[in-house]
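Enquirer: Okay, handing you the structure first.
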Ligand SMILES: Nc1ncnc2c1ncn2[C@@H]1O[C@H](COP(=O)(O)OP(=O)(O)OP(=O)(O)O)[C@@H](O)[C@H]1O
Ligand SMILES: [Mg+2]
């Protein structure tokens, strides 16, 4: 299903709506270029999972963990990984088993390691306006 976001707040709101539909062990895999709003969407996921604090990009740490009132959120940025072979070092399998939500930026890098029931979120710029985004969400029903 495709959604059009007209600004960062709308992208966050969509993430928030998706959060309510996820069950333990869910993986949300982003596709989309630099600055498309993957971290913004994840901020919404965190809010939807009952986390009220700040959500920042895990570019240098690879993974940030957020514990709210709902499922825990593990926010990955695979930008600096080569391929799925690097996942062992960061304990990917353990994260999958922890019953939380794994949100994965630059999931293209680790495609082969994503579970079959992964929810994919593809974000692209709309040609009409700089601040508009096409957000295609697959693997879950309409939000
Ligand atoms: N509709 C929109 N949705 C989300 N972000 C938007 C939108 N329009 C403009 N922006 C801007 O685009 C930027 C998105 O930044 P964000 O860090 O979320 O991107 P990202 O996809 O995580 O990038 P990176 O690959 O570098 O981690 C922000 O500066 C935000 O204000
Ligand atoms: Mg980001």
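Residue numbers (the working numbering): 44 to 186.
Ideal placement from N, C-alpha and C gives every residue a C-beta, glycine not left out.
1. Could you check what DSSP says for residue 157 in three-state terms: helix, strand or coil?
2. In the DSSP assignment, what are the bridge partners of residue 172?
3. Whole angstroms is fine: what's the gap from residue 95's alpha carbon to residue 89's?
4. For the putative contact between residue 176 and residue 80, defined by C-beta atoms under 8 Å, what is the C-beta separation to the nearest angstrom?
5. Could you tell me if residue 54 is buried or exposed, where buried requires 16 or more neighbouring beta carbons within 10 angstroms of its beta carbon?
6. Compute the minimum distance between the beta carbon of residue 100 and the heavy atoms of ligand 2, and state whether it is under 7 Å.
7. Are there any heavy atoms of ligand 2 lying less than 7 Å away from the beta-carbon of residue 82, as far as the coordinates show?
8. Please tell me whether residue 110 and residue 117 are closer than 8 Å, where the distance is taken between their beta carbons.
9. Where residue 122 and residue 67 are concerned, what is the direct C-alpha to C-alpha distance, given to the nearest angstrom?
10. By DSSP, does residue 53 sit in helix, in strand, or in coil?
11. Would you say residue 48 touches ligand 1, meaning its beta carbon is less than 7 Å from a heavy atom?
Expert: Inspection of the coordinates gives the following:
1. Within the chain shown, the letter at position 114 stands for residue 157. Coil at residue 157, not helix or strand.
2. The residue you call residue 172 lines up with position 129 of the chain shown. In DSSP, residue 172 forms no bridge with anything.
3. In the chain shown, the residue the question calls residue 95 occupies position 52. In the chain shown, the residue the question calls residue 89 occupies position 46. Rounded to the nearest angstrom, the two C-alpha atoms are 8 Å apart.
4. Stepping through the chain shown from its first residue, residue 176 is reached at position 133. Stepping through the chain shown from its first residue, residue 80 is reached at position 37. Yes, they are in contact, since the Cβ atoms of residue 176 and residue 80 sit about 6 Å apart, within 8 Å.
5. Against the chain shown, residue 54 aligns to sequence position 11. It is buried - the Cβ of residue 54 has at least 16 other Cβ atoms within 10 Å.
6. Residue mapping note: residue 100 aligns to position 57 of the chain shown, counting from 1. Answer for residue 100: yes, Cβ within range of ligand 2.
7. As a first step, residue 82 is located in the chain shown; it is residue number 39 there, counting from the start. Checking every heavy atom of ligand 2 against the Cβ of residue 82, one is found closer than 7 Å.
8. Here the question's residue 110 lines up with position 67 in the chain shown. Here the question's residue 117 lines up with position 74 in the chain shown. No, they are not a contact pair.
9. Residue numbering aside, residue 122 sits at position 79 when the chain shown is read from its first letter. Residue numbering aside, residue 67 sits at position 24 when the chain shown is read from its first letter. Their Cα atoms are separated by approximately 25 Å.
10. The sequence position of residue 53 within the chain shown is 10, counting from 1. Helix.
11. The residue labelled residue 48 in the question sits at position 5 within the chain shown. It does: the Cβ of residue 48 is within 7 Å (strictly closer) of some heavy atom of ligand 1.
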